[in-house]
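Trainee: If you read the sequence shown in the numbering used here, its first letter stands for residue 2, the second for the next number, and so on.
All C-beta atoms, glycine included, are put in the ideal place defined by N, C-alpha and C.
After the structure tokens below, expect a handful of questions from me.
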Amino acid sequence: GHWLFFVRAYHTASDKVVQDIYQSEYLGNGEWSRPSRLSKAINTAGKEENPVLHADGKTLYFASDGHPGMGGMDLYVSRMQPDGTWSEAVNLGYPINSSGDENSLQVFPDGRTALFATDREHAGDLDLWQFTLPESGAADEITLWRGEVIESASGLPVSAVVQVLNPEGENIGQQTSDAEDGQFTLSFPANQPVILQVEQPGYVFFSKSYDATVALDAFVQIPLDELQIGSVFILKDVRFDRSSAALDTLFQPDLEQLARTLLTSDLRIRIVGHTDGEGSAQTNQQLSEERARSVVKYLHSLGISMDRMESQGMGERSPIETNETPEGRARNRRTEIEVID
């Protein structure tokens, strides 16, 4: 994640111990921002401890004996507001809290199921309890993906940037896969279409769209091909207006990823447009040529020199599937990239 929450203890002038929650933002390159103390909406003159930010990125749970409660340490929730501040802490209430101590709340990816520690039965030790959060205390459901990035030819692990984008192109989850085993874990809001992108200099980037129903705890294996002269790969998500060479300019994830790849190398490429077998061969040939040229122009607008690109249209002449089914025709309508120099 991008945020670190921790507790700092200090003594007051009267030698009372106070514990407050602080936050620090990850700035990249191993650096963190200067820690800042959370506001009085969360911190009190008492003790706050065990801060946990749910994977939805906006729901903070913690324990405190300084807010109005039921006795001892109680569990509270606060939510990040659009302006970056935190809402007033809300006591999770009975039967979650008791006259004893509750702390160490952990909320599952579904946002409702949770575990916490309590001494409520006065046995002298803490026990783990499980419960379902009320709607007022629930977090947003998130999808949890685990996976690994490997090199296609050797099967060896690859350290690469893995990110998840929402339909608007916003980054909603990112991690670098581990250099030792290639593994990563990502969490992001559930119930929406997403695009998974993986890139590392020297390799053909990976990009794939997923629907909103990907199961929790899915495991994704991502093979990367070495990027070299002669490499040929398909851009799976280049978006054109229907029966047109005009690109949908709102968001082009594959083309933006291709541009980033080209900006870190000196390779030259050929963009090849293909159509399905619907319509006349002449019309399809013209459409494929125009679409390939549109891709060149778009990449040029992203900073790629024109002398590093050429275009070609193949029309309907090189199908990779049958044109007798909608699924086959969809695969035949494609944009290929050939590394030529």
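#1: One question on the structure: do V199 and I235 come within less than 8 Å of each other, judged by their Cβ atoms?
#2: Closer than 8 Å is the cut-off here; do at least three beta carbon pairs connect the segment 157 to 172 with the segment 133 to 142?
#3: Would you mind stating whether N333 and D255 have Cβ atoms separated by less than 8 Å?
#4: Buried or exposed for I338, please, with buried defined as at least 16 other CB atoms from any protein chain shown within 10 angstroms of its CB.
#5: Rounded to whole angstroms, how far is the Cβ of P158 from the Cβ of A180, which I believe are closer than 8 Å?
#6: For P36, name the three-state secondary structure that DSSP assigns.
#7: Would E317 and A282 be called neighbours here (beta carbons separated by less than 8 Å)?
#8: Taking the continuous alpha helix (DSSP H) assigned at N333, which residues delimit it?
#9: Buried or exposed for R335, please, with buried defined as at least 16 other CB atoms from any protein chain shown within 10 angstroms of its CB.
#10: So, with DSSP's three-state summary, where would you put L134?
#11: Please state if the CB of L116 and the CB of L76 are separated by a distance shorter than 8 Å.
#12: If the criterion is Cβ atoms closer than 8 Å, does the pair A90 and S79 meet it?
#13: Output the distance between the C-alpha atoms of D111 and D141, rounded to the nearest integer angstrom.
#14: Please classify L264 as buried or exposed, where buried requires at least 16 neighbouring CB atoms within 10 angstroms.
#15: So, with DSSP's three-state summary, where would you put T114?
#16: Ignore the nearest five residues each way along the sequence and tell me which others in W87's own chain have a CB closer than 8 Å to its CB.
#17: What beta strand (DSSP E) runs, 3 residues minimum, are completely inside the segment 153 to 238?
#18: Spatial neighbours of P96 within its chain, please: C-beta separation below 8 Å, excluding the five flanking residues on both sides.
#19: If you measure between the beta carbons of G379 and N92, is that distance less than 8 Å?
#20: Between S160 and the rest of its own chain, which residues show a CB-CB distance below 8 Å, the 5 nearest in sequence each way excluded?
#21: What residues match up with S312 in a beta bridge as DSSP calls it?
#22: Tell me which residues share the same chain as D242 and place their Cβ nearer than 7 Å to its Cβ, disregarding the 5 neighbours each side in the sequence.
#23: Exposed or buried, which one is T323 when buried takes at least 16 other CB atoms within 10 Å?
#24: Using DSSP's beta-bridge definition, name the partner residues of E26.
#25: According to DSSP, is P320 helix, strand or coil?
#26: Using only CA atoms, which one of S244, L228, F252 and E50 lies nearest to Q286?
#27: Which whole-angstrom value is the C-beta distance of F189 and G148, which I expect to be below 8 Å?
#28: Counting only the same chain and skipping the five closest in sequence on each side, list residues whose C-beta sits under 7 Å from that of H12.
#29: Going straight from the alpha carbon of E290 to that of G85, what length do you get?
#30: Under 8 Å, Cβ to Cβ, is there at least one residue of chain D near L116?
#31: For the beta strand (DSSP E) holding D75, just list the boundary residues, first then last.
#32: Can you give the Cα-Cα distance for D21 and A219, rounded to whole angstroms?
#33: Would you kindly work out how many angstroms separate the C-alpha atoms of T262 and S232, rounded to a whole number?
#34: Is it the case that the Cβ atoms of L145 and V165 are separated by a distance below 8 Å?
#35: Report the three-state DSSP secondary structure of Y95 (helix, strand or coil).
#36: May I ask you to list the residues that DSSP assigns as paired with K48?
Mentor: Inspection of the coordinates gives the following:
#1: Residue mapping note: residue 199 aligns to position 198 of the sequence shown, counting from 1. Residue mapping note: residue 235 aligns to position 234 of the sequence shown, counting from 1. In this structure, V199 sits away from I235, with a CB-CB distance that is not shorter than 8 Å.
#2: no
#3: Indexing the sequence shown from 1 puts residue 333 at position 332. Indexing the sequence shown from 1 puts residue 255 at position 254. No; because the gap between Cβ atoms is not below 8 Å, this pair is not in contact.
#4: Indexing the sequence shown from 1 puts residue 338 at position 337. Buried is the call here.
#5: As a working note, residue 158 is residue 157 in the sequence shown. As a working note, residue 180 is residue 179 in the sequence shown. Right, their Cβ atoms sit about 7 Å apart.
#6: Reading the sequence shown from its first residue, position 35 is the one you call residue 36. Reduced to three states, the DSSP call for P36 is coil.
#7: Residue numbering aside, residue 317 sits at position 316 when the sequence shown is read from its first letter. Residue numbering aside, residue 282 sits at position 281 when the sequence shown is read from its first letter. Cβ distance < 8 Å, so E317 and A282 count as in contact.
#8: Residue 333 sits at position 332 when you count from the first residue of the sequence shown. Here the alpha helix (DSSP H) through N333 covers P327 to N333.
#9: In the sequence shown, counting from the first residue as 1, residue 335 sits at position 334. The residue is buried, with at least 16 neighbouring Cβ atoms inside 10 Å.
#10: Walking along the sequence shown from the start, residue 134 turns up at place 133. If DSSP states are grouped into helix, strand and coil, L134 belongs with coil.
#11: Residue numbering aside, residue 76 sits at position 75 when the sequence shown is read from its first letter. Residue numbering aside, residue 116 sits at position 115 when the sequence shown is read from its first letter. Going by C-beta atoms, L76 is not nearer than 8 Å to L116.
#12: On the sequence shown, position 89 is the one that residue 90 refers to. On the sequence shown, position 78 is the one that residue 79 refers to. It is a contact, given that the beta carbons lie within the stated cut-off.
#13: Here the question's residue 111 lines up with position 110 in the sequence shown. Here the question's residue 141 lines up with position 140 in the sequence shown. Approximately 7 Å between the Cα atoms of the pair.
#14: Numbered from 1 along the sequence shown, position 263 holds the residue referred to as residue 264. L264 should be labelled exposed.
#15: By 1-based counting over the sequence shown, the position of residue 114 is 113. In the three-state reduction of the DSSP assignment, T114 falls in the strand class, which pools E and B.
#16: The residue labelled residue 87 in the question sits at position 86 within the sequence shown. Only L39, S40, A42, I43, L61, S79, R80 and M81 meet the Cβ criterion.
#17: 162 to 166, 172 to 177, 184 to 190, 195 to 200, 207 to 211, 219 to 225 and 233 to 236
#18: Taking the sequence shown and counting its residues from 1, the one referred to as residue 96 is at position 95. For P96, where only same-chain residues beyond five positions count, the Cβ hits under 8 Å are F132.
#19: Absent from the structure is residue 379, since the part of the chain shown begins at 2 and ends at 342.
#20: Here the question's residue 160 lines up with position 159 in the sequence shown. Excluding residues within five positions, the ones whose Cβ falls inside 8 Å are V150, T177, S178, D179, A180, G183 and Q201.
#21: Here residue 312 is taken as the residue at index 311 of the sequence shown, counted from 1. Per DSSP, I272.
#22: As a working mapping, residue 242 is identified with position 241 in the sequence shown. Same-chain partners within the cutoff: D249.
#23: Counting from 1 along the sequence shown, the entry for residue 323 is found at position 322. With fewer than 16 Cβ atoms within 10 Å of its Cβ, T323 is classed as exposed.
#24: Here residue 26 refers to the residue found at position 25 of the sequence shown. E26 pairs with W4.
#25: For the purposes of this step, residue 320 is identified with residue 319 of the sequence shown, where counting begins at 1. Three-state DSSP puts P320 in coil, outside helix and strand.
#26: On the sequence shown, residue 286 is found 285 positions in, with the first residue counted as 1. Of the candidates S244, L228, F252 and E50, the one whose C-alpha sits nearest the C-alpha of Q286 is S244.
#27: Looking up residue 189 in the sequence shown gives position 188. Looking up residue 148 in the sequence shown gives position 147. The pair is not a contact, with the Cβ atoms about 13 Å apart (cut-off 8 Å).
#28: The count along the sequence shown starts at 1 and reaches residue 12 at position 11. Excluding positions up to five away in sequence, the list reads V18.
#29: Counting from 1 along the sequence shown, the entry for residue 290 is found at position 289. Counting from 1 along the sequence shown, the entry for residue 85 is found at position 84. Approximately 48 Å between the Cα atoms of the pair.
#30: As a matter of chain content, chain D is missing from the structure shown, which is built from one protein chain.
#31: Translated into positions along the sequence shown, residue 75 becomes position 74. Run containing D75: D75 to R80, per the beta strand (DSSP E) assignment.
#32: Against the sequence shown, residue 21 aligns to sequence position 20. Against the sequence shown, residue 219 aligns to sequence position 218. Roughly 37 Å separates the two Cα atoms.
#33: Within the sequence shown, numbered from 1, the residue matching residue 262 stands at position 261. Within the sequence shown, numbered from 1, the residue matching residue 232 stands at position 231. Those two C-alpha atoms are separated by around 14 Å.
#34: In the sequence shown, residue 145 corresponds to position 144, counting from 1. In the sequence shown, residue 165 corresponds to position 164, counting from 1. No. Outside cutoff.
#35: Residue 95 sits at position 94 when you count from the first residue of the sequence shown. Coil.
#36: Residue numbering aside, residue 48 sits at position 47 when the sequence shown is read from its first letter. According to DSSP, K48 bridges with Q20.
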